[in-house]
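Q: Have a look at this one.
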Amino acid sequence: MAKRKKRTKKTKSYKRRKKNRFSSWWKRVMPVFLQRVGCITIFFVLFAILLGLIVYRIADYSIEQYQEEQQEVIQRESFIETLVPTAQRLQRQYGILASVSLGQAALESDFGTSELGAEYHNLYGVKTEASDPQGADMKTSEYVDGEWIEIVDRFKVYPSWEDSMREHAELIYYGTSWDQSFYEDVLVGDTYQEQARGLQSAGYATDPDYADKVIQMIEAWNLDQYDQPIESQTKTPAEAESEQD
Numbered sequence: 196m197a198k199r200k201k202r203t204k205k206t207k208s209y210k211r212r213k214k215n216r217f218s219s220w221w222k223r224v225m226p227v228f229l230q231r232v233g234c235i236t237i238f239f240v241l242f243a244i245l246l247g248l249i250v251y252r253i254a255d256y257s258i259e260q261y262q263e264e265q266q267e268v269i270q271r272e273s274f275i276e277t278l279v280p281t282a283q284r285l286q287r288q289y290g291i292l293a294s295v296s297l298g299q300a301a302l303e304s305d306f307g308t309s310e311l312g313a314e315y316h317n318l319y320g321v322k323t324e325a326s327d328p329q330g331a332d333m334k335t336s337e338y339v340d341g342e343w344i345e346i347v348d349r350f351k352v353y354p355s356w357e358d359s360m361r362e363h364a365e366l367i368y369y370g371t372s373w374d375q376s377f378y379e380d381v382l383v384g385d386t387y388q389e390q391a392r393g394l395q396s397a398g399y400a401t402d403p404d405y406a407d408k409v410i411q412m413i414e415a416w417n418l419d420q421y422d423q424p425i426e427s428q429t430k431t432p433a434e435a436e437s438e439q440d
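Residue numbers for the sequence shown follow our numbering, so the first one is 196 and each next one is one higher.
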């Protein structure tokens, strides 16, 4: 009986020591575990918040950018639609395709938003004499000797876009004061590609890529849909104008 009691005490003591060791280990490990889990949790919460903010900003920027782009498209379409009737009438009078008049106007004036186009109604970058009291001095880029340079030149001021378009058509039809056939290459062209290249060959602009830019503008906005049938251009400008009246 004495031996049995001794073994019982020994077993209880062993279990107690084992329990104390586990309790001691748990007390050591648990704070560390909770600390690590807490840090990881906080990290993921902050990461999720940051990610959410980034996604929100990207989505907000995308919507804002889309709205701006749509507004720009609407403004450009409105600009074209405003000029179409005049461009078609001038084609019937002078033979310059409506698509070429529209393409040039959009390219030169950035769809009517440039300072020259918006404030002075000059859609085609037409220059004037330095002594012209109605002119406006502005900076412009010219391609000279294989490089672009910036100069200040005097540009013509018009009362309206329609006046600018009419004088542009008259310039091409009647030529310059020193050469009436100066823009003959434009007038003999039957397509917008031929007329655009005629403008460049005549030296309308110093930009060596001018014709390509006009053509790209026409094709990007489908401006050739506004061109009138070629047979409607057989009358003289005076005859066509009298018919309009």
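Virtual Cβ for every residue (Gly too), placed ideally from N, Cα, C. Owing to the predicted nature of the structure, the values given are computational and were not obtained by experimental measurement.
Can you name, in chain order, every residue of its own chain whose Cβ lies under 7 Å from the Cβ of glycine 370, other than the five neighbours on each side?
A: Hits under 7 Å: Ser376, Phe377 and Tyr378.
Q: Could you check whether the Cβ of serine 304 sits closer than 7 Å to any heavy atom belonging to the ligand SAH?
A: Ligands displayed in this structure: none; no statement on the ligand SAH is therefore possible.
Q: Quick one: give me the first and last residue of the alpha helix (DSSP H) that aspartate 407 is part of.
A: First-last of the alpha helix (DSSP H) with aspartate 407: 405 to 415.
Q: Please state the DSSP three-state secondary structure of serine 309.
A: Serine 309: coil per DSSP, three-state reduction.
Q: Going by DSSP, name the residue or residues bridged to valine 321.
A: According to DSSP, valine 321 bridges with nothing at all.
Q: Go through its chain and collect everything with a Cβ distance to glutamine 395's Cβ below 7 Å, but skip five positions before and after it.
A: Counting only Cβ-Cβ distances below 7 Å, and skipping sequence neighbours, we find Tyr405 and Ala406.
Q: Following the continuous beta strand (DSSP E) through aspartate 348, name the residue where it begins and the one where it ends.
A: Aspartate 348 -> beta strand (DSSP E) spans 342 to 350.
Q: Using DSSP's beta-bridge definition, name the partner residues of valine 450.
A: No answer is possible for residue 450: it lies beyond the span of the chain, which begins at 196 and ends at 440.
Q: Helix, strand or coil, according to DSSP, for aspartate 327 in the structure here?
A: Note: aspartate 327 maps to coil in three-state DSSP.
Q: Distance check for leucine 285 and aspartate 440, CA to CA, integer angstroms please.
A: Bear in mind that the predicted position of aspartate 440 carries a pLDDT of just 48, short of 50, making it unreliable; the figure below should be weighed with that in mind. Distance between the alpha carbons of aspartate 440 and leucine 285: 13 Å.
Q: What first and last residue would you give for the alpha helix (DSSP H) that runs through serine 359?
A: From DSSP, the alpha helix (DSSP H) with serine 359 extends over 356 to 369.
Q: Check aspartate 422 in the structure and name its three-state DSSP category.
A: If DSSP states are grouped into helix, strand and coil, aspartate 422 belongs with coil.
Q: According to DSSP, is aspartate 380 part of a helix, a strand, or is it coil?
A: Three-state DSSP puts aspartate 380 in a helix.
Q: On the premise that threonine 401 lies in contact with glutamate 337, defined as a C-beta separation below 8 Å, what is that separation, rounded to the nearest angstrom?
A: Sure, about 5 Å apart at Cβ, within 8 Å.
Q: Does the distance from the CB of valine 409 to the CB of glycine 298 come in under 8 Å?
A: Yes, Cβ-Cβ distance for valine 409 and glycine 298 is below 8 Å.
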